[in-house]
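These notes are about the structure you will find just below.
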Amino acid sequence: MLAEWQDTIDVLLVFAGLFSAVLMTFVVQTLQSMQPDYNQASAFLLLEILKATTLNGS
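Sequential numbering of the sequence shown, starting at 1, is according to UniProt numbering.
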């Protein structure tokens, strides 16, 4: 009976390890895509400043 439990635990540990490896891959990819693009934000803000100064005649 103890040998059966040990085999079951071995299988569960292997499954948990593989599952966590696959899940971590998706988490890393998602985290990278959620980071803000500071270059795009800076360009947008500079464009808005340019529009505001053009409208004011400065």
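For glycine and all other residues, C-beta sits at the position ideal for the given N, C-alpha and C.
Between the CA atoms of residue j and residue i - distance to the nearest angstrom
i	j	result
Leu23	Val14	14 Å
Ala16	Asn39	39 Å
Gln35	Val28	11 Å
Asp10	Asp37	44 Å
Leu2	Phe26	36 Å
Ala41	Gly57	24 Å
Phe44	Thr30	24 Å
Terminal residues of the alpha helix (DSSP H) in which residue i lies
i	result
Met34	2-34
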